[in-house]
Every structure is written in structure tokens, then in C-alpha cells.
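Beneath this line is the structure, given in C-alpha cells, with notes to follow.
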Amino acid sequence: MGEIGAVLVSAVLPVALVALVGVWIGRRFSLDLRTLARVNIYALLPALVITGLYESELALGSALGIVVGFLLNCGVLYGVAIALGRVFRLPIESRKSLVATTLLANSGNIGLPFILFALGEAGLARAIVYLVASSIFIASVGPIILKGEGVAVGMRVTLSLPVFWATLGGIILLRLSWAVPVPIDRALQLLSGAAIPVSLLTLGIQLSQTRLNFGWYELFAACLRLFVSPLSAFTLGRLLGLEGLDLTVLVMQSAMPVAVNTLIWVTELGGDTDRVAKTIVLSTIMSFATLPGVLWLMGR
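Residue 1 is where the sequence shown starts when you use our numbering, and the numbers rise one by one after that.
Okay, here's the thing in C-alpha cells:
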């Protein structure tokens, strides 16, 4: 219990406190959540990705292992969500929602700060790799599995993502060992430094705008994300030969609650938005209890 308490104080409590500030702001003021999300998506997150990549000392093998583990886990989770949706005879819109909430983890808003505080800069570098893979996967495959659009649509969405180009730029700078001019580097550092706190404030504002009214579906969907996903990721990671920090980050990112932007994807591509919103809130609340437990188990 001492180790779990240390995790709560060092990793969970800072995340929760900043999110609670967002809840307070969201209840006190009328704010446009989409504007905050766009600031993060189009300015702050790309800066965090590009600086995280060109400053990274992460070995290529570690990065590839995390990406492959993530993709395999997505395949397993997709199959599980589809099968359970049919077993329980869920309406088509609820099936789409179950797939979305099972696949889309909050590897940015909660994943990055939690892993930074719990595992340090080395863990953060690996968490960024997972986040980039997740962002590109969601943008390219999301339209296909949620709306039945073709591959061309998915590719167009991917190419419109600033994170994609930030990833490409960061890899080029890293591989060619190019020095970023000081003014540009400092500007990127300022933007990247704001990414995590703004993400947590956005999460808190989202929580303040959602009704706390849950049923069996929301609990079921939250458990798929918080328990089945990390268990599957751990199994696949071991089969891939991952160990140490690589395996821990893969499992921890897979254990994150449902991503806030899942609601945006479901709104655009189809699904039960009310159930998705409630699942996001419930899984986020539950994760403050489950994440320390998963981290403790990974450290044993």
C-alpha cells in the first residue's frame, strides 16, 4: 500500500488537481470546449511531439515494439468489442460507440502527464511514440470502421493532422541530427510546455459539462477500456519480447480511460453520443483508482 500511496501522491494527485481546476473553470464560465481542443490539436500537441522526437534518445527498436504492440492490441480490442456487441444484441449505433470507446484511449490528456510524473522523461518519450501512433491510427482507420468510408478518406484525414507532419519533421531532425535554430527551439519549448496543462484543463472542463448518470452499458464499456485493454497489451507485449520501460509504457497507455475526443469522432462519424459522453466521464473517474494499481502490478 505504501508504493500505491506514493504513486497516488506523485502521479495521480497532480493530474487530478489540474483537472479539478478545469472542472471549476467549466462550472464558473461558459467556455467553448472545441476551441480549446483545436488550440491543443493544432498548436500545442504538434510542438510537444516534434520536440519529444528530435530530443529523444529512444532506440528505434523500442519505438517499433511499442507501435506494433499498440496496433496488435487495437486489432484484439476491435474483435472483442464487435463480438460483445453482437452477443448482447446492441443497436448498431451502440455497437459503433462500444468500438470507439474501447479503441480510443486518453493517451494524451491523462497518459502523458501520468507517465511523466510516474516514469520520468524516458517514460514520456515512449508515451509520445504511443500517442503519435494512436493519433495517426484513429485519423486513418476511424472513418473506415465508424462510418464505412474508404481508405482514401482516412488518408486525407491523416494528412490534415498537424501531429502527422510534426512526427515526420521530428523523425527527420532526429535521423539527420540537424540542430534546430535557437529561436525556433525556444518557441517550440514554450508551446510544448503548455500542452499537458492545457490538456488537463480541457479534460476538467469536459467533465464539468457532462451529467453523472451512469448505467450498465457505461460500466461495461469502461471496464473494457480499463481492464481488458491493458491485460491484452501486457500479453501481446510479452509475446513481442518487450520488457522494462517499453512494456510498462505500452500497458499503461493501454490502461488509460476513454479519450475525450472520442465524442467528437462519434458525433462526426456516427454512434450514440450520450452513451459515449457518459462512458468518458465514468472511465476517467474510475481510472484515478485503476491506474495506480496497474502501475504497481507492472513494477512487481
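Quick reminder that beta carbons are idealized off the backbone N, C-alpha and C, glycines included. Remember, it's a predicted structure, so these values are computed and weren't measured experimentally.
{"Query": "Let me make sure I understand the geometry here. Which of V80, S208 and G69 has the alpha-carbon closest to that of A233?", "Result": "G69"}
{"Query": "Hey, could you find the ends of the alpha helix (DSSP H) A194 is sitting in?", "Result": "V182 to S208"}
{"Query": "What would DSSP say about V132, mapped onto helix, strand or coil?", "Result": "helix"}
{"Query": "Note down the Cα distance separating R275 from S62, rounded to an integer number of angstroms.", "Result": "36 angstroms"}
{"Query": "Can you tell me the Cβ-Cβ gap for V49 and V163, rounded? I've got them flagged as a contact below 8 angstroms.", "Result": "6 angstroms"}
{"Query": "When we look at the beta-carbon of R95 and count the other beta-carbons within 10 Å, is it buried (16 or more) or exposed?", "Result": "buried"}
{"Query": "With a cut-off of 8 angstroms, do at least 3 Cβ pairs link the region 236–247 to the region 83–92?", "Result": "no"}
{"Query": "On the three-state DSSP scale, how would you describe A259?", "Result": "coil"}
{"Query": "With H, G and I counted as helix, E and B as strand and the rest as coil, what does DSSP make of A59?", "Result": "coil"}
{"Query": "Buried or exposed for W216, going by 16 or more other Cβ atoms inside 10 Å?", "Result": "exposed"}
{"Query": "So, under 8 angstroms CB-CB, P257 and N106 are touching, yes? Tell me the CB distance rounded to an integer number of Å.", "Result": "5 angstroms"}
{"Query": "Along the chain, where does the alpha helix (DSSP H) containing L226 start, and where does it finish?", "Result": "No alpha helix (DSSP H) contains L226, which DSSP labels as neither H nor E."}
{"Query": "When you compare each of T273, V294 and T284 to A19 by their alpha carbons, which one comes out closest?", "Result": "T284"}
{"Query": "Count the other CB atoms, across all protein chains shown, that sit within 10 Å of the CB of M298; report buried if there are 16 or more and exposed otherwise.", "Result": "buried"}
{"Query": "Please report the Cβ distance between P292 and L200, rounded to the nearest whole angstrom; I am assuming they are in contact, meaning their Cβ atoms lie under 8 angstroms.", "Result": "About 17 angstroms separates the two Cβ atoms, so there is no contact after all."}
{"Query": "Alpha carbons only, please: which of V99, I145 and I171 is nearest the one belonging to V129?", "Result": "I171"}
{"Query": "The alpha helix (DSSP H) that contains R89, what's its start and end?", "Result": "No alpha helix (DSSP H) holds R89; DSSP gives it neither H nor E."}
{"Query": "Could you tell me the alpha carbon to alpha carbon distance between T273 and R211, rounded to whole angstroms?", "Result": "13 angstroms"}
{"Query": "Between L226 and T279, how many whole angstroms is the CB-CB distance? I'm expecting something under 8 angstroms.", "Result": "With a Cβ gap of about 11 angstroms, L226 and T279 do not count as contacting."}
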